[in-house]
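Let me begin by presenting the structure, written as structure tokens, before commenting on it.
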Amino acid sequence: AAAHEARMGELEARVAELRETAASAQSELAQVRDERDQLVAANNDAQAALVKARTRAADVEAALSRAQQSAASSEAVQAETYEAELEQARARTTELEGEL
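Mapping of the sequence shown onto our numbering: residues 85 to 184, in sequence order.
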């Protein structure tokens, strides 16, 4: 009977130890889950920021393209204006040469 009681005491001690270990493991698991949730939230924020940055980059590229097209169009109009002025100057030169 004494050996039985001693064995029961050992088993009860082991059960208490296992419960403590299980409680500690559950606490660590909860901590790891919290950290994971924080990382997931940070990743989601980073993904959203990346989408926003890519959208902004596309908007800037489109604006740059429009500006380049506008500049090219403006240069073409300016070149036509200069050509017209050059033709007028040549005509006037020819006219003045004829008067001399």
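All residues carry an ideal CB built from backbone N, CA and C; glycine is no exception.
Distance, residue j Cα to residue i Cα
i, j, result
"glycine 93", "valine 99", "10 Å"
"alanine 132", "valine 124", "12 Å"
"arginine 150", "valine 144", "10 Å"
"arginine 134", "asparagine 128", "This sequence places leucine at residue 134; arginine is not what is there. Their Cα atoms are separated by approximately 10 Å."
"alanine 85", "threonine 105", "30 Å"
"alanine 109", "lysine 136", "40 Å"
"alanine 142", "aspartate 121", "31 Å"
"serine 111", "leucine 148", "55 Å"
Residue i, DSSP secondary structure in three states
i, result
"leucine 184", "coil"
"alanine 132", "helix"
"alanine 100", "helix"
"alanine 156", "helix"
"alanine 146", "helix"
"alanine 141", "helix"
"alanine 106", "helix"
"alanine 85", "coil"
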